[in-house]
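Below: one structure, written as structure tokens.
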Amino acid sequence: MSARLRAFVALTLVVRAAGAQDPRLAQRLDKPTYVAVNAIVDSARVARLPTAPLVDKALEGAAKGSDGQKIVTAVHQLSIRMAISRRALGSNATGDEIKAAATALGAGMSERDLQRLRVAAGKRPVTMPLAVAIDLIGRDVPVATASSLVIQLARSSVKDSDLALFQRNVRADIDHGADPTVAATTRARGLVLRSGGSAPKPSE
Amino acid sequence: MRDDDIVNVDDIARELRRPVQVDRSFDERVMRHVLRLPRHARARLWSRLTAPRTITISPLGWGLAAASLMLFAALGVLHAKDDFHRAARPIAKALFPTSPKASPAQRVQFVLVAPDAKKVAVVGDFNGWDASHAAYQAQKRGGGVWSVTAPVPVGHHRYSFVVDDSLWVADPTAPRVVDTDYGLPNSAIVVEDNK
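Protein chains in written order, with our numbering: chain A, 1 to 204; chain B, 1001 to 1195.
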């Protein structure tokens, strides 16, 4: 091997090392899945998206015993949702916001809802409002209602701690037999009124 | 007698002070001999590293080298920016232990009521979904209650309980996460930096 070729190979190896992947992927995934997930993670890195959620998604699939194709599909879908989330929330969105927004998109929220939430929250983080919205949707509150309520709460500058309390109260109401939509709307109305805003409507 | 001695000393001193005529090729012959002597390995290496040399390289070679360097720089910048926060936290913690941003994790208590369980673990984004992670093994308390208090980094995380290494259970006290990717339940937690 000539000196020039040796130098080129060394440079290539250094470049490869700069984009090194999480070693846990190699340990938990089979070879074809590992290669495919790595390619998606590399693409996300080039697109300046957070890569940790993609690795976590692959590790989650491996832990849950999913097959390779399902893992690759899930990681790919998540990368797409993260790209949409960043577009909706703006380039200054944090990794946590993008991750939560991607989960919210997976739960059924729309890109438009994310944009409205961003505007309503201003410079405040939207991670907690999104977590609450995801929870409401998971408890059978319609997506449109859940989105509208958290946007109203964000517009009313409700604190994250109050949002967490709101989520716990709605959950308790539902556990006691209340209709999910009624419970969420009623609790949100009370919270907004207490913070000095105008009461939200379910379908706003 | 004493005067003769002084004269002799003066003669000797004069002779010693007289410039010596050395052959002009003397230096060259000495240096040639020195250079032929075996040298120490470190000296040979240093000589090879520091000796100027001419390298010829084709335009294609230059292009490949330049492209590789540019690619390396671009990937390095992207990689550094992507992992900046994760990398910065431990560094900040090491450098500024009292800094408000030096607290990347909070201790969180996870509780599950599972009277019939033999083993309960917490898995999530914060431990690589590893059910064997020692720090996230719940301990059995009274009344079928299992709990563990473990560090969770600041941020948004998805997690679940794994009962007896096979049953996945969402945390009934935490926000749910609709996740159709793998068909098993998850919960969400948002850990804030309290400091």
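Each residue gets a CB set at the ideal place from its N, CA and C atoms; glycine is no exception.
Contact between the stretch 1126-1143 of chain B and the stretch 67-86 of chain A is absent, with fewer than three C-beta pairs closer than 8 angstroms. Taking a C-beta cut-off of 9 angstroms against chain A, none of the residues of the stretch 1019-1050 of chain B qualify. With a 10 Å radius around the Cβ and a threshold of 16 neighbouring Cβ atoms, Gln-152(A) comes out buried.
Around the beta carbon of Glu-1028(B), fewer than 16 other beta carbons lie within 10 angstroms, which makes this residue exposed. DSSP places Trp-1046(B) inside the alpha helix (DSSP H), whose first and last residues are 1041-1050. In chain order, Arg-1176 make up the part of chain B whose C-beta sits under 8 angstroms from the C-beta of Arg-139(A).
Beta-bridge annotation (DSSP): Arg-1107(B) is paired with Pro-1151(B). Arg-81(A) is outside the set of residues whose beta carbon lies under 8 angstroms from a beta carbon in chain B. Legend: CB atoms of the stretch 132-158 of chain A lying less than 8 angstroms from CB atoms of chain B belong to residues Val-132, Ile-134, Asp-135, Ile-137, Gly-138 and Arg-139.
Taking 3 residues as the minimum length, the stretch 141-166 of chain A contains no beta strand (DSSP E) run wholly inside it. Per the C-alpha coordinates, the member of Ala-36(A), Ala-93(A), Thr-103(A) and Ser-157(A) positioned closest to Leu-136(A) is Thr-103(A). Judged by beta-carbon spacing, Leu-89(A) lies within the 8 angstroms limit of Glu-97(A), meaning their Cβ atoms are closer than that value. Contact between the stretch 1133-1153 of chain B and the stretch 72-82 of chain A is not established, with fewer than three Cβ pairs separated by less than 8 angstroms. Short of 7 angstroms from the beta carbon of Thr-181(A), and not among the five residues preceding or following it, lie these beta carbons of its own chain, in chain order: Val-141, Pro-142, Thr-145 and Pro-202. With contacts defined as CB atoms closer than 8 angstroms, Pro-53(A) and Lys-99(A) qualify as a contacting pair.
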